[in-house]
Amino acid sequence: MYEITVLPMPDDFEGEVVATLVSRRAETPSRRAVLYLHGFTDYFFQDHLAEHYVQRGIDFYALDLRKYGRSLLPHQTRGLARSVTEYFPEIDEAVRVIRRDHDELTVNAHSTGGLIAPLWADRVRGRGLVQGLVLNSPFFDLNVSTPLRLAADLLKTPLSYTRRALPLGSSNVYGRSLHRSEQGEWDYDLELKPLGGFSVHAMWLAAIRRAQRRLHAGLSVDVPVLVLASATGLRVRDFVPEARSADVVLDPRQIARWSTAIGPHVTCVRIPDGVHDLVLSAEPARKQVFSELDRWMNTYIRQGATQGLQAHQGNENSP
């Protein structure tokens with residue numbers, strides 16, 4: 022059902038690097054495709070998301086970024102990067118592979134992937150490589166207290182380049198709200214996506230804050246963007262039942278605030294009872310997510326592609 026393609030990348034500061042492209046084709050040949058980018062402490066496992074796309078005749082691809090999921094090598098530190106731009110080469114390569122057989126590409130990205138994707142799209146604007154972005158609870162800001170936010174912004178060399186984990190502690194509230202072995206309904210590999218998440222390193226946090234400041238300053242992404250966020254945020258250290266109907270990782274108000282910094286054409290939708298990864302919400306919220314996704318894609322991607330093709334044909338037929 023799925024095909025796996027390993028994408029070798031140039032070595033980085035830890036040595037050998039690979040990314041992994043997972044693909045599933047629609048039953049009938051399609052020129053339409055989606056590329057999924059996961060978040061922090063994450064990898065692609067959301068089969069029902071792939072199923073949603075392929076049932077609509079859209080080929081589905083997912084990229085396990087370097088040092089995550091299927092791409093994690095024994096010598097690597099999980100999720101560690103000096104800059105989010107380090108992910109651009111594997112996105113470039115994945116897009117190159119996909120565009121060989123497809124005329125239309127939408128990037129669907131979650132959380133940290135939802136921060137990386139608009140920065141990448143801003144970099145390649147004007148080239149027609151991507152026709153739209155879907156950002157599921159993108160990591161546009163830190164959901165922390167003011168002292169921790171100030172501390173994150175003060176990370177400077179050499180601290181910002183250390184691989185040492187920060188003493189921030191960890192919470193398994195989100196993991197417990199998702200996994201079938203705890204309070205959730207989903208089954209995934211706890212080695213690749215631990216309940217308590219990954220350690221946060223100064224190097225990674227500094228890279229995230231630079232990327233967030235770049236987005237806050239304003240991007241010029243030139244394609245339609247759908248930003249999806251929960252209607253409710255919740256900050257708790259221990260599991261409570263409400264964690265299954267709120268974003269316990271990010272603040273949805275921050276997501277809504279910064280969504281308009283992406284570009285001139287942004288739709289922001291808040292999902293009642295949505296969790297951080299909105300497609301892993303309980304069924305009523307999940308159904309709304311997919312309904313909003315279908316409506317947006319039919320309006321801005323499918324019609325936009327049709328209008329673009331008609332305009333192109335009209336130009337070809339002009340005297």
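Using our numbering, you'd call the opening residue of the sequence shown number 22 and step up by one each time. The beta-carbon is built from N, C-alpha and C at its ideal position, and this holds for glycine as well. This one's a predicted model, so the numbers in the text were calculated from it and none came from an experiment.
From the options, pick the residue whose C-alpha is nearest to that of residue i; which is it?
i, options, result
"L301", "Q275, W207, E313, Q233", "W207"
"P110", "Q204, V38, N129, G239", "V38"
"D268", "A252, E313, S280", "A252"
"V221", "R323, P285, A186", "A186"
"I292", "L28, S266, D85, Q204", "S266"
"Q275", "L255, L163, Y23, N319", "L163"
"A71", "Y108, Y23, E107", "Y23"
"D122", "A130, L150, P95", "L150"
"E263", "M30, Q204, A40, P29", "Q204"
"Y74", "E35, F61, L126, L93", "L126"
"P188", "Q67, L255, R256, L226", "L226"
"R230", "A303, D174, S198", "D174"
"V165", "Q97, Q152, G254", "G254"
"R235", "T98, I112, T106, P95", "T106"
"L314", "A130, R144, H96", "A130"
"H96", "G295, E35, I112", "E35"
I'd like to know whether the C-beta atoms of residue i and residue j end up nearer to each other than 9 Å.
i, j, result
"A142", "V261", "no"
"G134", "D63", "yes"
"V194", "L154", "no"
"T288", "L247", "yes"
"A138", "L86", "no"
"I283", "L93", "no"
With a threshold of 16 other CB atoms inside 10 Å of the CB of residue i, please say whether the residue is buried or exposed.
i, result
"G335", "With a pLDDT of 46 at G335, under the threshold of 50, the predicted position of this residue should be treated as unreliable, though the coordinate-derived value follows. With fewer than 16 other Cβ atoms within 10 Å, it is exposed."
"S132", "buried"
"Y384", "Outside the shown range of the chain (22 to 340) lies residue 384, about which nothing can therefore be said."
"A223", "buried"
"Y82", "buried"
"G78", "exposed"
"H59", "buried"
"G196", "buried"
"V290", "buried"
"F160", "buried"
"P29", "exposed"
"H200", "buried"
"R53", "buried"
"D68", "exposed"
"S198", "buried"
"H333", "For H333, the predicted model reports a pLDDT of 36, less than 50, meaning its position is unreliable; a value from the coordinates is still stated below. Under this definition H333 is an exposed residue."
"S312", "exposed"
From residue i to residue j, what does the alpha carbon distance come to, in whole angstroms?
i, j, result
"T26", "L42", "5 Å"
"T327", "H297", "Reliability of the predicted coordinates at T327 is poor, the pLDDT of 47 falling under 50, and no value is obtained from them."
"Q233", "V55", "24 Å"
"L271", "S158", "8 Å"
"R148", "S202", "45 Å"
"R316", "L249", "13 Å"
"I119", "Q76", "18 Å"
"F219", "R146", "32 Å"
"Y321", "P245", "7 Å"
"H237", "D124", "31 Å"
"L240", "A277", "15 Å"
"N319", "A115", "24 Å"
"L101", "E48", "37 Å"
"L213", "F65", "10 Å"
"L216", "D259", "13 Å"
"D33", "S44", "26 Å"
"P31", "L84", "17 Å"
"N338", "R117", "Per-residue confidence for N338 stands at a pLDDT of 45, beneath the threshold of 50, marking its modelled position as unreliable; the derived number appears in the next sentence. C-alpha separation (whole angstroms): 29 Å."
"A228", "P305", "36 Å"
"S191", "V257", "12 Å"
"S104", "R91", "21 Å"
"W279", "R307", "23 Å"
"G329", "D210", "With a pLDDT of 42 at G329, under the threshold of 50, the modelled position of that residue is not reliable, and no figure is offered here."
"A303", "V310", "11 Å"
"R46", "D80", "5 Å"
"P273", "T183", "30 Å"
"F61", "Y108", "13 Å"
"D113", "L140", "13 Å"
"R323", "Q152", "10 Å"
So, is the C-beta of residue i closer than 9 Å to a C-beta in chain D?
i, result
"S241", "Structure shown: chain D not included; a single protein chain is present."
3-residue-minimum beta strand (DSSP E) runs that sit fully inside the stretch 170-251, ordered along the chain: Here the runs fully enclosed are 246-251.
Beta strand (DSSP E) runs contained entirely in the stretch 74-144, provided each spans 3 or more residues: 80-85, 125-131
Length-filtered (4 minimum) alpha helix (DSSP H) runs lying within the stretch 250-320: 273-280, 304-317
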